[in-house]
Amino acid sequence: MAVPILKVLQLMEAKDLRALAASRKVSERHSESEVRHALSASFGESMQRLIDALDRETLYRLLRRPFRWRERRYFSPELARHSKDQLVALARAIFVQGEVPPEFGKESTHSEFNLDEYRVTSGSVAADALKNVAAHGAEDDDDSGRTVVAPAMQYLIGLSREWSRPRNLSGVLRALGMEVPERLRSSRFQEAVRKLIALGIDISEADSGRVYSPRDSSPGVDGKVRLRRARS
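For any residue, its number in this note's numbering is found by taking its place in the sequence shown, counting from 1, and adding 6.
See the structure below:
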């Protein structure tokens, strides 16, 4: 079942909505709501015609946003290298056929691991985490001779390849062994993102689902983020 065209127009970023309105000559409307309704009418309520009218970058920005379908929240795979034809195919599957492509990850419905209680067992998550520890090293031994795993390593063990529930960015900084300032500058945030990437962890903005890169500006120390183990 096709998704209503107005819902897809609501998902579009403001700049993409304005550009589309200008191309369809409906930009004289005053409010975004009026623009969306005018655009919907200009496409004859046809989702297929809307998708065909979008350029690659608009499709990319539209598809990378998270969405909820049948009580589950979905997040896009890495789409930066997808061609326009590939993005069109994904958009058709989701918005026209009402089907979620298998490469779109689901947010876990399970509670996150309590890292204080977590114990390493056999399995891919533990094995991958231990490989990462070996690759990046561990902290010095403590006074009793036991190897101390850095907090960020514990974080990695507790994550899966599905996006975590929202968490405070300040908690992520603490887990990385970084100080939590009153005002988080972009340079400090970018340092945290680089550390996470080095550990094989993706970080995204909790609401939009946009994956952060080491070039992005700080969302603030109280920002909400999600984490997942990077997909190889």
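Every residue gets a Cβ at the ideal spot worked out from N, C-alpha and C, and that includes glycine. No experiment lies behind these values; they were computed from the predicted model shown.
Query raised in the report: alpha helix (DSSP H) containing GLU40: first to last residue?
Result: Within the sequence shown, residue 40 is the residue found at index 34, counting from 1. It spans 38-48 - the alpha helix (DSSP H) in which GLU40 sits, taken as one unbroken run.
Query raised in the report: With DSSP run on the structure shown, which of helix, strand or coil describes VAL227?
Result: Mapped onto the sequence shown, residue 227 falls at position 221. Three-state DSSP puts VAL227 in coil, outside helix and strand.
Query - ARG55 versus GLU188 - alpha carbon distance - result: Within the sequence shown, numbered from 1, the residue matching residue 55 stands at position 49. Within the sequence shown, numbered from 1, the residue matching residue 188 stands at position 182. Cα to Cα, the separation comes out at about 48 Å.
Report task. Would you give the residue range spanned by the alpha helix (DSSP H) that ARG194 belongs to? Result -> Numbered from its first residue, the sequence shown carries residue 194 at position 188. Counting along the chain, the alpha helix (DSSP H) containing ARG194 begins and ends at 192-204.
Query - Cα-Cα separation, LEU26 to ASP208 - result: Translated into positions along the sequence shown, residue 26 becomes position 20. Translated into positions along the sequence shown, residue 208 becomes position 202. Cα-Cα distance, rounded: 32 Å.
Query raised in the report: So what does DSSP say about GLU211, is it helix, strand or coil?
Result: Translated into positions along the sequence shown, residue 211 becomes position 205. Strand at GLU211.
Query raised in the report: For the beta strand (DSSP E) that TYR80 lies in, which residues bound it at each end?
Result: Within the sequence shown, the letter at position 74 stands for residue 80. Note, TYR80: beta strand (DSSP E), 78-81.
Query - Contacting residues, own chain, Cβ-Cβ under 6 Å from LEU136 (five flanking each side not counted) - result: Taking the sequence shown and counting its residues from 1, the one referred to as residue 136 is at position 130. With a pLDDT of 42 at LEU136, under the threshold of 50, the modelled position of that residue is not reliable, and the figure given next carries that caveat. The answer is none, since no qualifying residue turns up.
Query raised in the report: Do PRO172 and LYS230 have their C-beta atoms closer together than 8 Å?
Result: Here residue 172 refers to the residue found at position 166 of the sequence shown. Here residue 230 refers to the residue found at position 224 of the sequence shown. A contact, by the Cβ cut-off of 8 Å.
Query raised in the report: Among residues of its own chain, excluding the 5 on either side of GLY215, which ones have a beta-carbon nearer than 6 Å to its beta-carbon?
Result: In the sequence shown, the residue the question calls residue 215 occupies position 209. Closer than 6 Å at Cβ, skipping near neighbours: ARG71, PRO72 and PHE81.
Query raised in the report: According to DSSP, what are the bridge partners of VAL106?
Result: For this step, residue 106 is matched to residue 100 along the sequence shown. In DSSP, VAL106 forms no bridge with anything.
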